[in-house]
């Protein structure tokens, strides 16, 4: 589970607050928990003898730092970024890091973004896709009426953008006549 505050590191501190009888549970990483003020309990999260290490030692379980030691040894061969550096700074060193650390971060990214693939934003002004003309029986090429209208509309917008108003007027008239012919 990821930290509710930073949404980057693994949550390893869970605290419950009860306000006016309403119970809220919060899951935070050690760094975000240390930043919050828990009054006298803040010291349990800090220092050499923090509560997590103490309980792990008493129960004979490996401490979280020891369990994750093998993960911190993974290093990107291109830029030298370690997994621990990525966890600490939330930043990769190069494009190859995504492939090197893929197995380690895949689930975390999926939880963060509800998907493990990033599609990115789409540009506001996408390049106009050119439609293929239809091939007629005699081998000639012919655009559909709708495509001809779309091409004229694009040409009209371009003429207006370039302030070529004479050409824009001609294109506007051609568009009107084509639309009137279609409606009849």
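Residue numbers (this note's numbering): 957 to 1140.
C-beta: ideal position from N, C-alpha, C; glycine also.
In chain order, what residues of the same chain lie with their CB nearer than 8 Å to the CB of residue 1135, ignoring the 5 residues before and after it?
Taken in chain order, the residues that qualify are 1105.
Among 975, 974, 966, which residue has its Cα nearest to the Cα of residue 983?
Ranking the options by Cα distance to residue 983, first place goes to 966.
Which residue comes first and which comes last in the beta strand (DSSP E) that contains residue 984?
Looking at the DSSP string, the run of the beta strand (DSSP E) that includes residue 984 is 978-984.
With burial defined as no fewer than 16 other Cβ atoms inside 10 Å of the residue's Cβ, what is the status of residue 1127: buried or exposed?
Burial check for residue 1127: the Cβ neighbour count within 10 Å reaches 16 or more, so the residue is buried.
In the DSSP assignment, what residue or residues form a beta bridge with residue 971?
Paired residues: 982.
Please classify residue 1121: is it buried, with 16 or more other beta-carbons within 10 angstroms of its beta-carbon, or exposed?
With fewer than 16 other Cβ atoms within 10 Å, it is exposed.
What separation, rounded to the nearest whole angstrom, lies between the Cα atoms of residue 1123 and residue 1055?
In a straight line, the C-alpha of residue 1123 is about 53 Å away from that of residue 1055.
Determine the closest residue to residue 964 out of 1118, 985, 974, with distance taken between C-alpha atoms.
When C-alpha distances from residue 964 are compared across 1118, 985, 974, the shortest belongs to 985.
Suppose you measure from the CA of residue 1109 to the CA of residue 1077; what does that come to, to the nearest Å?
Looking at the backbone, the Cα of residue 1109 and that of residue 1077 are separated by about 26 Å.
Could you check what DSSP says for residue 1030 in three-state terms: helix, strand or coil?
In this structure, residue 1030 counts as coil in the three-state DSSP scheme.
Residues sharing a beta bridge with residue 1038, DSSP:
Beta-bridge annotation (DSSP): residue 1038 is paired with 1031.
Where residue 1065 and residue 987 are concerned, what is the direct C-alpha to C-alpha distance, given to the nearest angstrom?
When the Cα atoms are used, residue 1065 and residue 987 turn out to be separated by approximately 20 Å.
Between 1049, 1037, 961, 1030, which has its C-alpha nearest residue 1059's C-alpha?
The option with the nearest alpha carbon to residue 1059 is 1030.
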